[in-house]
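A.B. asks:
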Amino acid sequence: DVKVTQSSRYLVKRTGEKVFLECVQDMDHENMFWYRQDPGLGLRLIYFSYDVKMKEKGDIPEGYSVSREKKERFSLILESASTNQTSMYLCASSLVRAGETQYFGPGTRLLVL
Amino acid sequence: DQQVKQNSPSLSVQEGRISILNCDYTNSMFDYFLWYKKYPAEGPTFLISISSIKDKNEDGRFTVFLNKSAKHLSLHIVPSQPGDSAVYFCAASGTSYDKVIFGPGTSLSVIP
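Protein chains in written order, with the working numbering: chain S, -16 to 96; chain F, 42 to 153.
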């Protein structure tokens, strides 16, 4: 069974703080993704990575950065958290580049005060 | 501008009846479509998919229909069960795409 884990289920941070969200997958998948889920908007892609040290912007990369130093680990960084980044953050991985099933972690609910 | 639309934010169905969830897309380059199911406090899980060379794919109680000319797909759940109560996301992708585009989701409630 593919397992995608996220470092925290719930986080509360202050405006301006730097926030790190970590994601680890155990299936040797090439591709990893970070999404945020907001009511009425579905899942929106923030960043994705097809290989170690590779990253590509998704649809809403502003205010975020990512790091992929190891194949199994993909980190999302909020450089200076803002209240409009309060959301559910979901990490996913997949074996094939496009169209293949993605396996999601349980999500991190982030509240920025 | 949403490329994948799910125009019903919510749907209520009696247990044992059919649930029909609809999805429309705008980009004719999409050639692979997926449905994901999400329970509260969990990540989405893959449910069923269909490629554009087919017009129907069935997996147990779940069937997805694709109408390419109308750029429309639907997920049928028969019979519906209370455990099917969840948010369902329609998603689309294609060989010329690097990523999957998700719709806003439809929240299904199956009433016992």
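Glycine residues also receive a C-beta, built at the ideal position from the N, C-alpha and C atoms.
Here's a check: name, in chain order, each residue in its chain whose Cβ is nearer than 7 Å to the Cβ of S:Gly41, leaving out the five neighbours to either side.
C.D. replies: Mapped onto the first sequence, residue 41 of chain S falls at position 58. These residues qualify, in order along the chain: Leu28, Ile29, Tyr30 and Phe31.
A.B. asks: Run the CB neighbour count on S:Gly122, radius 10 Å, all protein chains shown included, and call it buried at 16 or more, exposed below.
C.D. replies: Since the first and last residues shown for chain S are -16 and 96, residue 122 of chain S lies out of range.
A.B. asks: Alpha carbon to alpha carbon, how far is F:Leu114 from S:Tyr18?
C.D. replies: For the purposes of this step, residue 114 of chain F is taken as residue 73 along the second sequence, with counting starting at 1. For the purposes of this step, residue 18 of chain S is taken as residue 35 along the first sequence, with counting starting at 1. One C-alpha to the other measures close to 23 Å.
A.B. asks: Just to confirm my understanding: we take F:Thr86, look at its own chain, exclude 5 residues before and 5 after, and list those with CB closer than 6 Å. What are they?
C.D. replies: As a first step, residue 86 of chain F must be located in the second sequence, where it is residue number 45. So the list reads Lys78, once near-sequence residues are dropped.
A.B. asks: Using the C-alpha atoms, what's the distance from S:Gln8 back to S:Arg(-8)?
C.D. replies: On the first sequence, position 9 is the one that residue -8 of chain S refers to. On the first sequence, position 25 is the one that residue 8 of chain S refers to. Spanning the two alpha carbons is a distance of roughly 16 Å.
A.B. asks: Would you kindly report the start and end of the unbroken beta strand (DSSP E) that includes F:Phe71?
C.D. replies: One-based indexing of the second sequence puts residue 71 of chain F at position 30. Where F:Phe71 is concerned, there is no enclosing beta strand (DSSP E), given that its DSSP letter is neither H nor E.
A.B. asks: To which residues does DSSP link S:Leu(-6) through a beta bridge?
C.D. replies: Walking along the first sequence from the start, residue -6 of chain S turns up at place 11. Answer by DSSP bridge pairing, in chain order: S:Leu93.
A.B. asks: Looking at F:Ile91: is its Cβ nearer than 8 Å to the Cβ of F:Phe74?
C.D. replies: As a working note, residue 91 of chain F is residue 50 in the second sequence. As a working note, residue 74 of chain F is residue 33 in the second sequence. Yes, the pair counts as a contact, with Cβ atoms nearer than the cut-off.
A.B. asks: If the cut is a Cβ gap below 8 Å, which residues of chain F does S:Leu73 touch?
C.D. replies: Reading the first sequence from its first residue, position 90 is the one you call residue 73 of chain S. Within chain F, the residues near S:Leu73 are Gly84 and Pro85.
A.B. asks: What residue range is occupied by the uninterrupted beta strand (DSSP E) comprising S:Gly25?
C.D. replies: Locating residue 25 of chain S in the first sequence gives position 42, counting from the first residue. It spans Gly25 to Ser32 - the beta strand (DSSP E) in which S:Gly25 sits, taken as one unbroken run.
A.B. asks: Which same chain residues, not among the five before or five after F:Lys109, have their C-beta less than 7 Å away from its C-beta?
C.D. replies: Within the second sequence, the letter at position 68 stands for residue 109 of chain F. Hits under 7 Å: Ser93.
A.B. asks: Considering S:Gln(-11), what are the terminal residues of the beta strand (DSSP E) in which it resides?
C.D. replies: Here residue -11 of chain S refers to the residue found at position 6 when the first sequence is read from its first residue. It spans Val(-13) to Gln(-11) - the beta strand (DSSP E) in which S:Gln(-11) sits, taken as one unbroken run.
A.B. asks: Flag S:Asp23 as yes if its beta-carbon sits less than 8 Å from any beta-carbon of chain F, otherwise no.
C.D. replies: Looking up residue 23 of chain S in the first sequence gives position 40. Looking at the sequence shown, residue 23 of chain S is not Asp but Gly. Chain F, which has a Cβ nearer than 8 Å to the Cβ of S:Gly23, makes this yes.
A.B. asks: Residues in the same chain with beta-carbon distance under 7 Å from S:Ser(-10), minus the five sequence neighbours each way, listed in chain order, please.
C.D. replies: Translated into positions along the first sequence, residue -10 of chain S becomes position 7. Excluding residues within five positions, the ones whose Cβ falls inside 7 Å are Leu4 and Glu5.
A.B. asks: Any residues in the stretch 31 to 54 of chain S with a beta carbon nearer than 9 Å to a beta carbon of chain F? Which ones, in chain order?
C.D. replies: So the close ones are Phe31, Tyr33, Glu39, Gly41 and Asp42.
A.B. asks: Quick one: Cα of S:Gly88 to Cα of F:Asp96, how far?
C.D. replies: On the first sequence, position 105 is the one that residue 88 of chain S refers to. On the second sequence, position 55 is the one that residue 96 of chain F refers to. Taking the straight line joining both Cα atoms gives about 31 Å.
A.B. asks: Quick check: the Cα distance between F:Glu56 and F:Gly146, rounded to an integer number of angstroms?
C.D. replies: Indexing the second sequence from 1 puts residue 56 of chain F at position 15. Indexing the second sequence from 1 puts residue 146 of chain F at position 105. Straight-line Cα distance between these residues: approximately 21 Å.
A.B. asks: Tell me, to the nearest whole angstrom, how far the beta carbon of S:Gln20 is from that of F:Val141; I am working on the premise that it is less than 8 Å.
C.D. replies: One-based indexing of the first sequence puts residue 20 of chain S at position 37. One-based indexing of the second sequence puts residue 141 of chain F at position 100. Between F:Val141 and S:Gln20 the Cβ distance is about 14 Å, and since that is not below 8 Å, they are no contact.
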